[in-house]
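One structure is given here, and the rest of the page talks about it.
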Amino acid sequence: GEPASWKDPVKYSFSHGGKDGFPYPVDRDVYDNSIATVKDALYQAKLDKYDKMKALKRLDDFIS
Numbered sequence: 009g010e011p012a013s014w015k016d017p018v019k020y021s022f023s024h025g026g027k028d029g030f031p032y033p034v035d036r037d038v039y040d041n042s043i044a045t046v047k048d049a050l051y052q053a054k055l056d057k058y059d060k061m062k063a064l065k066r067l068d069d070f071i072s
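Position 36 of the sequence shown, counted from 1, bears residue number 44 in my numbering, the numbering being contiguous throughout.
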């Protein structure tokens, strides 16, 4: 297999991978669905606009 890539963290990720220390290729549709689920949760959260924007910014920084 290929080594883990810091340039393409989606290619090999622990978010849907094993916790045994060895990442494996992630299905991008599953990954995108996970991101959409978190975004939806943030939009529905009972937070003020400022806190929602901070949370969305952190999510964007994480996935970018």
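Where a beta carbon is used, it is the ideal one built from N, C-alpha and C, also for glycine.
In this text, all values refer to a predicted model and were calculated from it rather than measured experimentally.
Check: Inter-residue spacing [alpha-carbon to alpha-carbon] between A63 and D37; Outcome: 23 Å
Check: Alpha carbon of D68 to alpha carbon of T45, nearest angstrom; Outcome: 14 Å
Check: Backbone CA spacing between A53 and R66 [nearest angstrom]; Outcome: 15 Å
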